[in-house]
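Asker: Just so you know, the sequences run in chain order A and B. For what it's worth, our numbering labels the leading residue of the first sequence as 1, then goes sequentially. For what it's worth, our numbering labels the leading residue of the second sequence as 1, then goes sequentially. Built from N, CA and C at the ideal position, the CB exists for glycine as well.
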Amino acid sequence: MERSEIPTFQPRLRVLNREQALAIHTAALEILEKTGFKMEHPRALEMLADKGCRISDGDWVRMPPHLVEEALKTAPKQISLYDQKGAKAMDLTGENSFYGTGSDATFTQDVETGERRRAVLKDVSNFATLVDGLENIDFAMSMANPEDAPIDDIYVYVFAEMLRNTNKPIVFIADSGRDIAKIHEIACSVVGGEEELKRKPFILNYSEAISPLLFPENVMEKLIFCAQKKIPLCLPSGSNAGGGAPVTLAGAMALGIAENLAGLVVHQLAGKGSPFLFGPNVSAMDMKSSVVCYGCPEWSLTQAALADMRDEIYGLPIWAFAGASDAKIMDAQAGAEAMFSILTALLSRANLIHDVGFLEYGSTSSLEMITMANELIAMSRFYVQGIPVNDGTLALEAIERVGRGGPGSIFLMDDHTYDHFMEALFLPKLLDRSRYDAWENEGAMDLYKRCNMEAKRILSEHEVDTKPDAVLKEIEQILKSS
Amino acid sequence: MSEFSSLTEAVIKGDIQTAVAETQSALDAGSNVQDILDKGLIAAMDEVGEKFSTGQMFVPQMLRSAKTMQECMKLIKALFQEGQLRAKGKIVIGTVRQDLHDIGKNLVAMMMEGAGFSITDLGVDVSPKDFTQKAQEVGADIVAMSALLSTTMPAMRETIEALQEAGIRDKVKVMIGGAPVTENFASEIKADSYAPDAGSAVIAAKKLLGIT
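Here's what the structure looks like:
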């Protein structure tokens, strides 16, 4: 008799039960209704007042919960990001997870000297090229706050630099309504116009409200611009436990979610049905150094909890982080912290996962760190596939053949092994499993050194498909008009 | 020091009630007010600063000590004649124009105050003009600026230029800090000092004013 197909359980993490999720959601709504928030954008304030929010002290807003419910209904449950050539690259919905880099690091660890130094525009191009060449890194962020870019147009310059060096989707930063319009103009020129960009967006804007409960004018300018132009957007405030938010994680999440939902309401009022990625950044402030941690278990925990809340309540694709560290160099701490968050993000099915490759709590970028993460993501993806159980994988015939095959019969020689080892096992590229003598003969290299060599190899060998001259010229012109 | 050891201990512990009671009883016993401040409160905060910088104390504990000191100060401040209170120095502090991120700045201000400086906190989004006017008004020894966004860093340079134009640049020291700020940037814009965190900001401020 033939065995009926057994569904494969794919390892899945849950950290909140339904009661916990609902209690945090209710607290978030209560913050919006009872405490309120400061909205410094006049038009946003007007829209909120028109919809029945109570305004006091000029710009303090208290929001009735039904506005949140309405916004949640109109925001799309699925956001598709395309690559710059128009192919669907990231289907942000359900259980799909995509990893990418982060933004705005002040320093970088120089790939040639290993020194920590101020980042420059050339680093932005190196990071974009590396992202383009790594199979498990799905989108690019600038990774740098370059010293040599004109400060007023720094985000326009890093955006142009990324475009020249990758064709993957880009998550970008802007300062206000002024530079985001330029970035949008450039993005339109890449795909051949505003309508085409709306149809197949390859960009997503990252903006931040300020915890606690502050929505600055320039931030809302960007949010409204994105809502009107249908540019996907995320708005994670920094409701970090002990810093921008209460030290207890439930309260920090409630505050961050409240801020996120207030942003969502304005967003949907400005552009009903425009794509909005749910999720605050809820890390923890270190109680000694006061840095906001990038390698702490708290952020992974809240991230998983937010994924649970997506499943229980919000239904919107979520914003997440992984693959970063508080270590100053790519050492054992960096590896441990990166793996912790990479695996958690996947186990909780976070959708858009940024910050891969950060050291020093997001202040230093590292090409080696991304290269390592690329492999850790592969390792995690293998793990999360679970264990398919069927006639082929139970392999009773192979067991029979080898078991009864007499002397010299080994699985390694069996056709079943030959046919299946590539998908049945995880085959590392950079994680070293060689025998000691071989490792020593190869130069006794640690993972950092191997990642360094691999990053350099990709930078020198990987060819990014260049954009048409006309597009490159147009980008130049827009930059010059700055 | 022994004279005020229970006051000192209470401040280090962050025990507001005991510290205030100890301050009151020192006053009742006729202790010199400047001594209560210097040998009791500031001595305690020096030790807190030392413990914090060597990792023996956490930020919330350090801030509780600073708050404890502030509560005690309320009792003794009234007893000083105008201008008699010897502060270590006067610091005007704020986040620069268009920067609304103030957690770091608040932390620096609290620690500076705890270390015995007189703080004028201008809050967030402080224009070069406001920094300059306030520095002139209070006769500041130090102007301390913070920026979290790289896009607001140019306002630090503009503030220094404003101090120059007002003719008080040689009278005040300028300190800067914040995530994107570096030592190089500080020397580029001719700030006098850069500090990477709140603890070092206090040390840097003392150094600038020649206080040990």
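Quick one, which of Leu277(A), Phe382(A), Met63(A) has its alpha-carbon nearest Met422(A)'s?
Answerer: It is Phe382(A) whose Cα lies nearest to the Cα of Met422(A).
Asker: Taking C-beta pairs closer than 9 Å, name the residues in chain B that Met287(A) reaches, listed in chain order.
Answerer: Phe58, Val59, Pro60, Gln61
Asker: Could you tell me whether the stretch 106 to 118 of chain A touches the stretch 342 to 351 of chain A, where touching means 3 or more Cβ pairs closer than 8 Å?
Answerer: Because the criterion of three Cβ pairs below 8 Å is not met, the stretch 106 to 118 of chain A and the stretch 342 to 351 of chain A do not touch.
Asker: Quick one: give me the first and last residue of the beta strand (DSSP E) that Asn441(A) is part of.
Answerer: Counting along the chain, no beta strand (DSSP E) covers Asn441(A); the unbroken alpha helix (DSSP H) around it starts and ends at 436 to 441.
Asker: Pick out the complete alpha helix (DSSP H) segments inside the stretch 285 to 326 of chain A, 4 residues or longer, and give them in chain order.
Answerer: 297 to 309
Asker: Hey, how far is the Cα of Gly114(B) from the Cα of Glu47(B)?
Answerer: 11 Å
Asker: Could you give the residue range of the beta strand (DSSP E) that holds Ser118(B)?
Answerer: Taken as a continuous stretch (DSSP letters only), the beta strand (DSSP E) holding Ser118(B) covers 118 to 121.
Asker: With a threshold of 8 Å between beta-carbons, can Pro216(A) be considered close to chain B, or not?
Answerer: Answer yes: the Cβ-Cβ gap between Pro216(A) and chain B drops below 8 Å somewhere.
Asker: Which of the three DSSP states, helix, strand or coil, is assigned to Ser127(B)?
Answerer: coil
Asker: From Arg86(B), Ile91(B), Leu41(B), pick the residue whose C-alpha is nearest to that of Gln70(B); which is it?
Answerer: Here the closest residue by C-alpha is Leu41(B).
Asker: Can the beta-carbon of Asn281(A) be found less than 8 Å from the beta-carbon of Ile137(A)?
Answerer: no
Asker: From the DSSP output, which residues share a beta bridge with Leu81(A)?
Answerer: Met90(A)
Asker: Name, please, each residue of chain C whose Cβ falls closer than 9 Å to the Cβ of Met153(B).
Answerer: No chain C is part of this structure, whose protein chains are labelled A and B.
Asker: DSSP three-state label for Thr364(A), please.
Answerer: DSSP places Thr364(A) in strand when its eight states are reduced to three.
Asker: Check each residue of the stretch 181 to 198 of chain B: if its Cβ is closer than 8 Å to any Cβ of chain A, include it; give the result in chain order.
Answerer: Contacts with chain A (Cβ-Cβ distance below 8 Å) from the stretch 181 to 198 of chain B involve Thr182, Asn184, Asp197, Ala198, listed in chain order.
Asker: Using a Cβ-Cβ cut-off of less than 9 Å, give me the residues of the stretch 163 to 183 of chain B that come near chain A, in sequence order.
Answerer: Ala179, Pro180, Val181, Thr182
Asker: Roughly how many angstroms lie between the CA atoms of Asn96(A) and Asn260(A), to the nearest whole one?
Answerer: If you take the alpha carbons of Asn96(A) and Asn260(A), they lie about 21 Å apart.
Asker: Take the Cβ of Asp437(A) as the centre, count every other Cβ of all protein chains shown within 10 Å, and call the residue buried at 16 or more, exposed below.
Answerer: exposed
Asker: Quick check on the burial criterion: 16 or more other C-beta atoms within 10 angstroms. Buried or exposed for His462(A)?
Answerer: exposed
Asker: Could you check which residue in Gln268(A), Leu214(A), Val111(A) has the C-alpha nearest to that of Glu40(A)?
Answerer: Comparing Cα-Cα distances from Glu40(A) to each of Gln268(A), Leu214(A), Val111(A), the minimum goes to Leu214(A).
Asker: Are the stretch 393 to 412 of chain A and the stretch 361 to 381 of chain A touching by the rule of at least three beta carbon pairs closer than 8 Å?
Answerer: no
Asker: Between Leu122(B) and chain A, is the shortest Cβ-Cβ distance under 8 Å, so that the two count as touching?
Answerer: no
Asker: May I ask you to check if the CB of Glu5(A) is nearer than 7 Å to at least one heavy atom of the ligand COA?
Answerer: As for the ligand COA, it is missing from this structure, which has no ligand bound.
Asker: If you reduce the DSSP assignment to three classes, tell me which class Arg117(A) lands in.
Answerer: strand
Asker: Hey, how far is the Cα of Leu425(A) from the Cα of Gln385(A)?
Answerer: 11 Å
Asker: Is Ile76(B) near Val33(B), with beta carbons less than 8 Å apart?
Answerer: yes
Asker: Identify, in the order they occur along the chain, each residue of the same chain with its Cβ nearer than 7 Å to the Cβ of Lys200(A), setting aside the five sequence neighbours on each side.
Answerer: Sequence-distant Cβ neighbours of Lys200(A) in its own chain, meaning closer than 7 Å and more than five residues away, are Tyr82, Gly86, Val191.
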